[in-house]
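If you count by numbering that gives the first Met the number 0, then the sequence shown holds residues 0 to 136, one letter each, in order.
Okay, so here's the structure we're looking at.
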Amino acid sequence: MSKWAPQPQPNTIEPEVLKRVDLPKPRSDTSRSPEPIDVALARLASRASPRLLKILTAIGIGLGITLPLLTKRWPLASLGAAIAFFGAWGLIEHYYVRPHSRRVAIVQSVVAVLGLLAAAIASLSLLFWLLGPAPIL
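Set out below in structure tokens:
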């Protein structure tokens, strides 16, 4: 072999190998938008096992009681309440399958509204805690 002849490169891929590689095809359906958070949470709660939902409810109640006692900040109780209401809503969804009575639908709606309220309070209290005390002007 001469000095000027092309030398084979050890790190190159042969063209025949490239033809055999199956690359993932790009998604053509880009019109789908992400699902809303309430639909995602409802799907998550309906697919979770009742045991997991009971554990979430118990953890939420425990956090709702202990966080304010440990930190002396009562808005942190809403974090535990939001978790507990999510577990309770999922349990209602599991144990009262179709057809729902009017009473069950009302209870489930109240639990959902209370859970959303608790999540909003928890989010705001976490934000204000992260911001820290306001400077005096």
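No residue lacks a Cβ here, since even glycine has one placed at the ideal position from N, Cα and C.
For residue j and residue i, the rounded distance between their alpha carbons
{"i": "Gly-59", "j": "Ala-76", "result": "9 Å"}
{"i": "Val-103", "j": "Leu-116", "result": "20 Å"}
{"i": "Asp-37", "j": "Gly-61", "result": "25 Å"}
{"i": "Gly-89", "j": "Leu-123", "result": "24 Å"}
{"i": "Ile-192", "j": "Pro-134", "result": "This structure gives no information on residue 192, because the portion of the chain shown stretches from 0 to 136."}
{"i": "Ile-120", "j": "Ile-105", "result": "23 Å"}
{"i": "Ser-48", "j": "Ala-87", "result": "12 Å"}
{"i": "Arg-101", "j": "Gly-114", "result": "20 Å"}
{"i": "Arg-72", "j": "Gln-107", "result": "29 Å"}
{"i": "Pro-74", "j": "Trp-128", "result": "10 Å"}
{"i": "Ala-39", "j": "Ala-118", "result": "15 Å"}
{"i": "Pro-132", "j": "Tyr-95", "result": "46 Å"}
Contact check, residue i vs residue j, beta carbons under 8 Å
{"i": "Gly-63", "j": "Ala-41", "result": "no"}
{"i": "His-93", "j": "Leu-55", "result": "no"}
{"i": "Ala-44", "j": "Phe-85", "result": "yes"}
{"i": "Ser-91", "j": "Val-112", "result": "Strictly speaking, residue 91 in this sequence is Ile, with Ser absent from that position. No, Cβ-Cβ distance for Ile-91 and Val-112 is not below 8 Å."}
{"i": "Leu-78", "j": "Leu-68", "result": "no"}
Proximity test, residue i beta-carbon vs the ligand MN heavy atom, cut-off 7 Å
{"i": "Ala-44", "result": "This structure simply doesn't include the ligand MN, nor any ligand for that matter."}
Can you list, in chain order, the stretches of the beta strand (DSSP E) that have 3 or more residues and sit fully within the region 27-91? Here no run is fully enclosed.
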